[in-house]
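Peer 1: The working numbering numbers the first residue of the sequence shown as -1 and each following residue consecutively. Think of the CB as a built atom: it goes at the ideal place given N, C-alpha and C, for glycine as much as any other residue.
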Amino acid sequence: MRRRTVHLTRAIGWLLLSVLLITVQGCGGGPSWEAIDEANRGGNDFVLGPEDVLEISVWRNQDLSRKEVVVRPDGKISMPLIGELVASGLDANQLANLISERLKEFKERPSVSVSVKEVNSYSIYVLGEVVKPGKYQLKSHATVLQAVAVAGGFSIYAAKNKMQVLRRLGKEDGKLKEIRIPARYDDLVSGEGEIGNFILKTGDVVLVP
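1) Counting only beta-carbon atoms, is glutamate 116 nearer than 9 Å to chain B?
2) Identify the residues that DSSP records as bridge partners of glutamate 176: which are they?
3) Do arginine 182 and lysine 158 have their C-beta atoms closer together than 9 Å?
4) Going by DSSP in three states, tyrosine 183 sits in which element: helix, strand or coil?
5) In angstroms, rounded to a whole number, what distance separates the CA positions of valine 204 and arginine 165?
6) Tell me the DSSP bridge mates of valine 84?
7) Whose C-alpha, out of Leu46, Phe44, Ile54, is nearest the C-alpha of lysine 65?
8) At the level of alpha carbons, what is the spacing between proline 78 and glycine 47?
9) Taking buried to mean at least 16 other C-beta atoms within 10 Å of its own C-beta, is phenylalanine 196 buried or exposed?
10) Looking only at its own chain, which residues have a Cβ that is under 7 Å from the Cβ of valine 129, when we skip the five neighbours before and after it?
11) For tyrosine 120, which residues in the same chain have their Cβ closer than 6 Å to its Cβ, ignoring the five residues on either side in sequence?
12) Does DSSP put leucine 93 in a helix, a strand or coil?
13) Out of Val163, Ser188, Val67, Asp184, which has the shortest C-alpha to C-alpha gap to leucine 125?
14) Using the Cα positions of alanine 90 and serine 30, report the straight-line distance between them to the nearest angstrom.
15) Give me the Cα-Cα distance between serine 111 and leucine 167, rounded to the nearest whole angstrom.
16) Tell me the residue span of the beta strand (DSSP E) that contains leucine 46.
17) Where does aspartate 202 land, buried or exposed, given buried means 16+ other C-beta within 10 angstroms?
And the structure:
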């Protein structure tokens, strides 16, 4: 009987410890793995969008190459032989690969390169306790701190260590998912936290409470 009581006590002890660990993990202030992953990805690969100006080169074929191609408002571009294709949402390498695949119907082993001549679609939002909240259209990538600087800096009421970045992600079912990435000012400046001063993606919203 005593042995059963000891085993039961140990079992209850382990159960309580497990519940405590789950509770601590669930209530912890640290960022989720998804948030950390998204922040580390940042916006290093520029995503093309409407009004961006591209140069498309097809090796040894001047007739197919284009010095200046503007992404239309519907996100598409037009190319000789292959017609229209969607450029918006792709980076330059992905678009080059797509054009290459389409050209294989007309040309053996085509080599295509795409470069961005002019950025017109990169925009972010900085809202809350900054001097000039609003939407900002930029010509190059910006980090969280650069976005705050563009918005005139923090107001005197800003809770710098409670900043968040809202980001929308596409899902396989075609629906959008929104995540919140913590952006503590002290960590952004020191670079010692789990999430540093990461690069924003177009459409990101920086919230300063």
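Peer 2: Taking the definition as stated:
1) Among the chains of the structure shown, chain B does not appear; only one protein chain is present.
2) Translated into positions along the sequence shown, residue 176 becomes position 178. Answer is Arg166.
3) Within the sequence shown, numbered from 1, the residue matching residue 182 stands at position 184. Within the sequence shown, numbered from 1, the residue matching residue 158 stands at position 160. Yes, these two residues count as a Cβ contact at 9 Å.
4) By one-based count along the sequence shown, residue 183 stands at place 185. Of the three classes helix, strand and coil, the one that applies to tyrosine 183 here is helix, per DSSP.
5) Taking the sequence shown and counting its residues from 1, one reaches residue 204 at position 206. Taking the sequence shown and counting its residues from 1, one reaches residue 165 at position 167. Rounded to the nearest whole angstrom, the CA to CA distance from valine 204 to arginine 165 is 9 Å.
6) Counting from 1 along the sequence shown, the entry for residue 84 is found at position 86. For valine 84, which the question treats as bridged, DSSP gives the partners Lys74.
7) On the sequence shown, position 67 is the one that residue 65 refers to. Nearest C-alpha to lysine 65: Ile54.
8) Looking up residue 78 in the sequence shown gives position 80. Looking up residue 47 in the sequence shown gives position 49. Our two residues, proline 78 and glycine 47, have alpha carbons roughly 21 Å apart in a direct line.
9) Position 198 of the sequence shown, counting from 1, holds the residue named residue 196. Label assigned to phenylalanine 196: buried.
10) As a first step, residue 129 must be located in the sequence shown, where it is residue number 131. The beta carbon of valine 129 sits closer than 7 Å to the beta carbons of Ala149, Gly150, Gly151, Ser153 from its chain, once the five residues preceding and following it are set aside; these are given in chain order.
11) Mapped onto the sequence shown, residue 120 falls at position 122. The beta carbon of tyrosine 120 lies closer than 6 Å to those of Leu136, Thr200 in the same chain, with the five residues before and after it left out.
12) By 1-based counting over the sequence shown, the position of residue 93 is 95. Three-state DSSP puts leucine 93 in a helix.
13) Walking along the sequence shown from the start, residue 125 turns up at place 127. When C-alpha distances from leucine 125 are compared across Val163, Ser188, Val67, Asp184, the shortest belongs to Val163.
14) Here residue 90 refers to the residue found at position 92 of the sequence shown. Here residue 30 refers to the residue found at position 32 of the sequence shown. Those two C-alpha atoms are separated by around 30 Å.
15) Walking along the sequence shown from the start, residue 111 turns up at place 113. Walking along the sequence shown from the start, residue 167 turns up at place 169. Spanning the two alpha carbons is a distance of roughly 27 Å.
16) Translated into positions along the sequence shown, residue 46 becomes position 48. Taken as a continuous stretch (DSSP letters only), leucine 46 belongs to no beta strand (DSSP E), as it is neither H nor E.
17) Sequence index remark: in the sequence shown, residue 202 carries index 204 (1-based). Aspartate 202 counts as buried, since no fewer than 16 other beta carbons sit within 10 angstroms of its beta carbon.
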